[in-house]
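Here is the structure we will look at.
Numbering (our numbering), first residue to last: 9 to 200.
Right, dumping it as structure tokens:
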């Protein structure tokens with residue numbers, strides 16, 4: 009019979025992202041963040057390819073990214089409200105980690121498995137930050153899918169992509185619980 013880790017199960021059963029707009033300083037120092045990144049790097053990874061990497065974005069880097077948004081929004085004809093929301097996502101943040109998918113061409117490991125591993129790294133970092141007592145949120149948005157923005161702003165190579173920005177900080181307001189999926193409605197049991 010397995011021996012459950014009750015504390016871990018309780019954490020996972022009650023895990024709740026914190027809206028990025030409710031996060032403030034202090035943020036994890038480099039040693040604390042390195043510990044969280046170490047946990048995130050323990051994600052499932054077929055053949056140990058490490059098809060992801062981390063870019064730690066501190067306040068000045070986030071402000072630089074925010075400054076790139078208006079020109080990219082204009083070039084893409086993004087609605088002003090959506091452009092401003094993206095500016096705020098970066099300008100109002102104090103710390104975010106960009107989890108970068110870096111698929112490796114391999115015949116024995118399909119790219120989708122590598123993409124899913126990058127997503128798992130996002131979740132690992134999010135869960136680690138929350139378990140460590142920080143507020144955290146996993147965000148994307150239209151700019152993540154804009155090649156000129158990610159290449160200019162983050163220096164990504166053509167085969168790389170942003171799996172997510174994990175915002176981490178101190179929470180100034182705890183959000184209420186939100187409705188969760190009805191597991192019975194989304195689960196099919198196959199017994200034969």
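All C-beta atoms, glycine included, are put in the ideal place defined by N, C-alpha and C.
Here residue 11 is not bridged, per DSSP, to any residue. The residues 176, in chain order, have a CB closer than 6 Å to that of residue 142 in the same chain once the five nearest residues on each side in sequence are set aside.
Minimum Cα-Cα distance from residue 130 among the listed residues 73, 199, 171 corresponds to 171.
Within a 10 Å sphere around the beta-carbon of residue 26 sit 16 or more other beta-carbons, which makes this residue buried.
In the DSSP assignment, residue 77 falls within the unbroken alpha helix (DSSP H) covering 67 to 84. Fewer than three pairs of CB atoms, one per stretch, sit closer than 8 Å, so the stretch 113 to 131 makes no contact with the stretch 150 to 159. Beta-bridge annotation (DSSP): residue 175 is paired with 104, 145.
DSSP, read as helix, strand or coil, puts residue 109 in strand. Look at residue 57 here: in three-state DSSP terms it is coil, with no helix or strand label. Here DSSP, grouped into helix, strand and coil, assigns residue 32 to strand.
Per DSSP, residue 136 is one residue of the alpha helix (DSSP H) stretching across 119 to 139. In the DSSP assignment, residue 38 falls within the alpha helix (DSSP H) that extends over 38 to 48. In the three-state reduction of the DSSP assignment, residue 198 falls in the coil class, being assigned neither a helical nor a strand state. Cβ neighbours of residue 137 within its own chain (closer than 6 Å, five residues either side excluded): 44, 144, 176.
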